[in-house]
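Novice:
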Amino acid sequence: MSLRTRLRKADWLGEMQAALMLGTGAIGVAVAVVVWDVVTGAPVVSRVPAEAITGMSGSSAGLTGGAMVAANSMVEVRIAEPSTSQVITHALTTLPGLLVALVMLAMLTRIMRAARRADPFTGQTVRRLRVLAISILIGGVLASVVETIAELDLSSSVTADSIAAQWALPGQWMLLGFGFLAVAEVINRGAMMRAELDTVI
């Protein structure tokens, strides 16, 4: 059997479903690792401005060509024995995004499973894709805000008078959300055209 024939006969929906399940498992492991770090009180890392560390801002030690550490640059500091509050706050810098990704993959897996078992061009598929898209848009933005606030709180716990965090529009979540909305509309249009053809025939 030629490669072209094998590609034509491949169950791509099944393979995509398997890939989604593997992705869901990987994200689940990542969530478990974060939770384990909270339970065990593992060391955490925070990012603080160089100017908040005495002698760091403007330092040129080890640098050549007149280079020096910029005052607004970020430096990672390791907290070897964090408090319970610091451990929980550090978890909140990554956990919300992981949970959004986990929910997204779980919902996609459900949609893919239903598409393999029956006609995918149905109102149910469109509704599920729309729910998925809205969940990503809202969840992604909320996760980004929560993670930024957590970063601010964590950095304030290790510096005397400086806090640091960088919030940016969660473009990846918005791209995914609007992308799934577009796919939903394409499937909705296909279902409507099929219904029109059925009435004509």
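Count the sequence shown with the working numbering and you get residues 56 to 256, in order. Just so you know, even glycine gets a beta-carbon here, dropped at the ideal spot from N, CA and C. Given the structure is predicted, the values throughout are model-derived calculations rather than measurements.
Let me check understanding here. Comparing Cα to Cα, which of Leu197, Val103, Arg168 and Thr149 lies closest to Ala125?
Specialist: Residue 125 sits at position 70 when you count from the first residue of the sequence shown. Among Leu197, Val103, Arg168 and Thr149, the Cα nearest to that of Ala125 is on Val103.
Novice: What are the start and end residues of the beta strand (DSSP E) that includes Met129?
Specialist: Within the sequence shown, residue 129 is the residue found at index 74, counting from 1. Its beta strand (DSSP E) spans residues Met129 to Ile134.
Novice: For Arg185, which residues of its own chain have a beta-carbon under 6 Å away from its beta-carbon, when the five flanking residues on both sides are left out?
Specialist: As a working note, residue 185 is residue 130 in the sequence shown. Counting only Cβ-Cβ distances below 6 Å, and skipping sequence neighbours, we find Ala239.
Novice: Keeping to the same chain, check which residues put their C-beta closer than 6 Å to that of Arg171; ignore five residues upstream and five downstream.
Specialist: Within the sequence shown, the letter at position 116 stands for residue 171. Leu68.
Novice: Out of curiosity, what's the CA-to-CA distance linking Leu58 and Ala74?
Specialist: If you number the sequence shown from 1, residue 58 lands on position 3. If you number the sequence shown from 1, residue 74 lands on position 19. With a pLDDT of only 47 at Leu58, under 50, the local geometry of the prediction cannot be trusted, and the value read off the model is given with reservation. Roughly 21 Å separates the two Cα atoms.
Novice: With a threshold of 16 other CB atoms inside 10 Å of the CB of Ala205, please say whether the residue is buried or exposed.
Specialist: The residue you call residue 205 lines up with position 150 of the sequence shown. Answer is buried; the Cβ neighbour count reaches 16.
Novice: Evaluate Ser128 with the Cβ neighbour count: other Cβ atoms within 10 Å of its Cβ, from every protein chain shown; 16 or more gives buried, anything less gives exposed.
Specialist: On the sequence shown, residue 128 is found 73 positions in, with the first residue counted as 1. Exposed is the call here.
Novice: Between the Cα of Arg183 and those of Ile193, Gly195, Gly194 and Ala169, spot the shortest distance and give me the residue it belongs to.
Specialist: The residue you call residue 183 lines up with position 128 of the sequence shown. Answer by Cα proximity: Ala169.
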